[in-house]
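Under UniProt numbering, the first residue of the sequence shown carries the number 1, and numbering increases by one thereafter.
Positions of the beta carbon are idealized from the N, C-alpha and C atoms, including for glycine.
In what follows, a structure is listed as structure tokens, so that the remarks can point back to it.
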Amino acid sequence: MDPLSHLLSLYPVRTALDVRCRFGAPWVLDHEGTPRGVAPYHLIVRGEAQAEGQTLQTGDIIVFPHGRAHRLHIGDPQHASAPHSAPGVLRSLANDGDGPQTDILCGEFRFDAHGSAGLLAALPEVLVVHTAGRPDAQSLRHLLRMLQEEAETPRGGSAAIIRQLASALFALLIRTWLEQALAVPGLFGVLAERRLQAALNGMLTAPEKPWTLEQLADTSHMSRATFARLFKQAANATPADVLAQLRMARAARLLDDGQPAGVVGEAVGYQSEAAFNRAFKRQYGVGPGAYRRRAPE
């Protein structure tokens, strides 16, 4: 499994795509803040929109990983007509503006707010990906076009097809973001630095291994000092910190699958169940047993 696929498998995400907006200028769309672990996103499938001080064009995607309140608009919001419901396979909103039209598909990425804390910490407040005319976004652009077609011209099975297509959206979005961004933080910073991918892949593939700094540096064909410096620069964390985070993410998934805490601890490199319990509680604020008993999110 490639490092990005492996990393995303540790942090499962559910994708909902449930609103289609068809607005004529001037228009405004205000979105309230969402709870932790709920990240609203907007796909500009036709036209343009203003958001966060920038102009979004056809094919652009904007995501708010930490759920902050935001506004999309075109023209003076004071003169925008109020949106109203319209028919469609998705919940649809339209307005009475007679200016240039913007079509937007809106939804949410839903993470386990506790188990995905490490992933969310590595995402910026606002994430924007461009697809128009970009070879690195070809697959994502095709997906957006298919979603648009199913939303605009509903046929048998359109609702199910939209759900299935949307399930691939997050992985494609992250892959394209990594290829476009000049700098990315945290876990994704390590993933984006090609010289560190072998070390990251080793930690992902065998988190139970007692990795030393020298062993990780060897996988990357670097000296210990060069590796440590490059890793800290990319991740803003030490290799030991990242390894602990990956171990706990793997442990959370195994606990979700019903594995006993002792078995899980050994699977992620802890010889003592008590040591594993302490490490898990430091990461998630509760012990493995309480984590398993938590209410589903």
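Apart from sequence neighbours up to five positions away, the residues of its chain that approach G289 with a beta-carbon distance below 7 Å are A261, ordered along the chain. Close CB contacts of A80 within its chain, under the 6 Å cut and outside five residues either way in sequence, are with P26, W27 and V28 (chain order).
In this model, R194 and A279 are separated by some 29 Å (Cα to Cα). For Q50, the enclosing beta strand (DSSP E) begins and ends at A49 to A51.
Shown here for T238: same chain residues with a beta carbon closer than 8 Å to its own, the five before and five after excluded, namely A228, F231 and K232 in chain order. Positions of the alpha helix (DSSP H) runs, each at least 4 residues long and wholly inside the UniProt domain "HTH araC/xylS-type" (194-294), are given as 197-205, 213-219, 224-235, 239-256, 261-267, 273-284 and 288-293 in order along the chain. With a beta-carbon spacing of about 3 Å, A113 and G37 fall inside the 8 Å limit used to define contacts. When the alpha-carbon of S220 is set against those of D98, T226, L196 and G157, the nearest one is in L196. Every unbroken stretch of the beta strand (DSSP E) spanning 3 or more residues and falling wholly within the stretch 77-102 is given here in chain order: 84-86 and 91-94.
C-alpha of G118 to C-alpha of Q57: approximately 31 Å in a straight line. Q57 sits in coil when the DSSP states are folded into three classes, being neither helix nor strand. For V263, the number of other beta carbons within 10 angstroms of its own is below 16, and it is reported as exposed. The straight-line gap separating the alpha-carbon atoms of D218 and I44 is approximately 45 Å.
Under the three-state reduction of DSSP output, G189 falls in the helix class.
As summarised for the stretch 127-174, the continuous beta strand (DSSP E) elements at least 3 residues long and confined to that stretch are 127-129, given in chain order.
Cβ-Cβ distances below 7 Å link L144 to L43, V45, G59 and T131 in the same chain, with the five nearest sequence neighbours on each side left out; the list follows chain order. Residue pairing of P40 in beta bridges, as defined by DSSP: E108. In the DSSP assignment, L120 falls outside any beta strand (DSSP E) and lies within the alpha helix (DSSP H) extending over A117 to A121. Residue burial annotation: P35 is exposed, with fewer than 16 other C-beta atoms found within 10 angstroms of its C-beta. According to the DSSP assignment, L29 belongs to the beta strand (DSSP E) that extends over W27 to H31.
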